[in-house]
Amino acid sequence: MIDVIKSSKLYFFLDVVIWFVAHNLPILIGLLIQTYFDGDNTIFIASCVCGLVLIRIVCILIGAKVDITAQHKWANFMYKKAYTAIEQSEIEAKQGEFINALNEDVNEIVGTISYMIDTACNLIYGIIVIVILGHIDIGLTAFVTLFPILAIGLNSLIKKRVEKYSIQSKEYSNRFSEELLNLLNHSREIRVSRKEDDYSNSLDEIVNQQKCIGFKFSVFKGLFSTFSSAVTDCNLIITIFWYMHFKTLSPGAYVLFITYSFDLSSLAIYMSTLIVSLQSTKVYIQDFYKKIENKKRNRIAIDDSILSKIEYNSINVLVGKNGSGKSMSLEYINTQLPNSVMLLENYHLMDVSKKENICLNQDMDYDNSFLEDIPNEHVGNDNLSGGQQFRMVLMRTLLTDAKIILIDNNFMSVDSKLREKIFEYLKKSGKTIIFTDHLYRNEYKEFSVIEV
1 MIDVIKSSKL YFFLDVVIWF VAHNLPILIG LLIQTYFDGD NTIFIASCVC GLVLIRIVCI
61 LIGAKVDITA QHKWANFMYK KAYTAIEQSE IEAKQGEFIN ALNEDVNEIV GTISYMIDTA
121 CNLIYGIIVI VILGHIDIGL TAFVTLFPIL AIGLNSLIKK RVEKYSIQSK EYSNRFSEEL
181 LNLLNHSREI RVSRKEDDYS NSLDEIVNQQ KCIGFKFSVF KGLFSTFSSA VTDCNLIITI
241 FWYMHFKTLS PGAYVLFITY SFDLSSLAIY MSTLIVSLQS TKVYIQDFYK KIENKKRNRI
301 AIDDSILSKI EYNSINVLVG KNGSGKSMSL EYINTQLPNS VMLLENYHLM DVSKKENICL
361 NQDMDYDNSF LEDIPNEHVG NDNLSGGQQF RMVLMRTLLT DAKIILIDNN FMSVDSKLRE
421 KIFEYLKKSG KTIIFTDHLY RNEYKEFSVI EV
């Protein structure tokens, strides 16, 4: 985190100064309010209070702009590290996915730095306030300070629970999405093996667990808000009781205690939130640098394994879980092997005949065995399903001079009978075919399977 702050020292300094002024102006405002209730020159004091309030509003507006600029500077520094990792891996494609994977880490880290500045300025304000109140009445100051201090500890524990249940809720959401995707991808196999009930029960269990976690999250979030409000209420009750019972406070001092009590309660929320944020930010920082390190190592892993395992003039399958680097491996292979071509995900078909789309106005023949369901006329993108578009572009690519065809697709969008015809045609083509899948399937037993 220190490296990130050092990357833009000027904006860090400006951020600290502006928020220090903005957060500590209420000290002067409070003292003027005390004088207003205890003194005679009320018009002058009221004018000063209004002037300071306006100055504070201006400081907050400027501080917000400086804070946003500072966060952008810090985020850019972190993204530069990420781009360096991309350059070292020598892979140009899929950069966007890698950067998107870092967004949560970067946002959390720069957000915590900004919140840390805000809380530090509030803490200085709180210390000055306690000193001022202590000079007025040390006994009452001890009481109105005690509850916020206790609140920092208790709020931190509650906040940790809220963060914990929030993370668990996201995990269950991801699990549900994965299970549902798995169910959709293997619906035929599941029906054949009659495992619908097993999948249904698994999804129900995940939903029930998510509801339970959601309930706990709501309870602890409510506790955090309730306890924070209770601290303010306790301080107000103690101040009112002290003023009425001991009669040692002037009206101005009484108002000052009331005013500052609100701020001390807010400071407790700031401090407890920062404590939890700093703990979670450590994980985000570790995760950020871990992802970058893995990115740097990817080239070595690909160099040592993928290229050496390819069987030329046959069909190869890269098998690995989502996020394991299959797409990136294909991109790397495309940059390293001459006469290779990547079948793009965005299919471009013209609103012309099937033959014109496939042969591109060249005089050549093509195999129609797995294209029979596609009409001969007007077969643009709007007239065909995704699977039909894929088969059209696949045939068009196979008719090129490229010896190596790279396909970031597992053919599961194609009917099993058509898929069988496609694989048969690919074997007869004599070209080197490399495609990807997140699962190993029985259909691949005759192919060269490369685990990623």
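Heads up: the sequence shown at position 112 corresponds to 112 in full-length UniProt numbering, and the numbers run straight through without jumps. Beta carbons: idealized from backbone N, C-alpha and C, even for Gly.
{"Check": "Assigned secondary structure, S314 (DSSP; H/G/I helix, E/B strand, else coil)", "Outcome": "coil"}
{"Check": "Outcome for N103 when other beta-carbon atoms lying within 10 angstroms are tallied against a minimum of 16", "Outcome": "exposed"}
{"Check": "Stretch pair the region 208 to 220 + the region 242 to 250: three plus CB contacts closer than 8 Å", "Outcome": "no"}
{"Check": "Where T335 falls, given that 16 or more other Cβ within 10 Å makes a residue buried", "Outcome": "exposed"}
{"Check": "Beta-carbon proximity check, L307 vs L406, cutoff 8 Å", "Outcome": "no"}
{"Check": "Pick from F262, D373, S327 and Q71 that is closest to K6, judged by C-alpha positions", "Outcome": "Q71"}
{"Check": "Three CB pairs or more closer than 8 Å across the region 395 to 409 and the region 326 to 333", "Outcome": "yes"}
{"Check": "Test item: CB-CB of S340 and A402 under 8 Å", "Outcome": "yes"}
{"Check": "Cβ-Cβ separation, A75 to V106 (assumed contact under 8 Å), whole Å", "Outcome": "5 Å"}
{"Check": "Pair within 8 Å by beta-carbon distance, M412 and L274", "Outcome": "no"}
{"Check": "8 Å Cβ cutoff met for D15 and D67", "Outcome": "yes"}
{"Check": "C-alpha distance - S169 paired with F370, whole-angstrom precision", "Outcome": "44 Å"}
{"Check": "F20, DSSP secondary structure in three states", "Outcome": "helix"}
{"Check": "Of the listed residues Y444, D287 and K428, nearest to V78 (C-alpha basis)", "Outcome": "The displayed chain sequence assigns Met, not Val, to residue 78. Among Y444, D287 and K428, the Cα nearest to that of M78 is on D287."}
{"Check": "Option in I292, S225, V53 and E205 with minimal Cα separation from K80", "Outcome": "I292"}
{"Check": "Bridge partners - L406, DSSP secondary structure assignment", "Outcome": "M342 and I434"}
{"Check": "Among L236, S156, Q389 and I57, the one whose alpha carbon lies nearest that of D373", "Outcome": "Q389"}
{"Check": "Cβ-based burial, N122 [other Cβ within 10 Å; buried from 16]", "Outcome": "buried"}
{"Check": "Integer Cβ distance of Y125 from N24, believed to fall under 8 Å", "Outcome": "5 Å"}
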